[in-house]
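The structure under discussion appears below in the form of structure tokens.
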Amino acid sequence: MLLQEKESGDLIEILDVEALLSPTKNEVPGKNQAGQEEQETATFPKSNLVFPSGEALPRCWTEENYQTH
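Below you can see the structure in the form of structure tokens.
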């Protein structure tokens, strides 16, 4: 799955979709897709990621108690 980093606009390949969907995880492993060479795996804060369309991630992916707010 590809998401976009808010600040740079770079696409990030998400390597662990389960971590992305889990509201208890604040970071997800991925690879930056900028450049021509394969990038190293890094962790990315969910708060800095959006869908390529610019839409924010669903609250149920980012907030553990999203139903109580």
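Here the sequence shown is numbered in our numbering, starting from 68 and rising by one per residue.
The beta-carbon is built from N, C-alpha and C at its ideal position, and this holds for glycine as well.
Fair warning: this is a prediction, and the values are worked out from it, not measured in the lab.
- Cβ contact annotation for residue 107 (same chain, cutoff 8 Å, sequence separation greater than five): 98, in chain order.
- Scanning the region 69 to 136 for uninterrupted alpha helix (DSSP H) segments of 4 residues or longer gives 84 to 88 and 126 to 129, listed from N- to C-terminal end.
- Around the beta-carbon of residue 69, fewer than 16 other beta-carbon atoms lie within 10 Å, marking it exposed.
- A Cβ-Cβ separation of about 6 Å places residue 88 in contact with residue 128 under the 8 Å criterion.
- Here the C-alpha atom of residue 122 lies approximately 20 Å from the C-alpha atom of residue 92.
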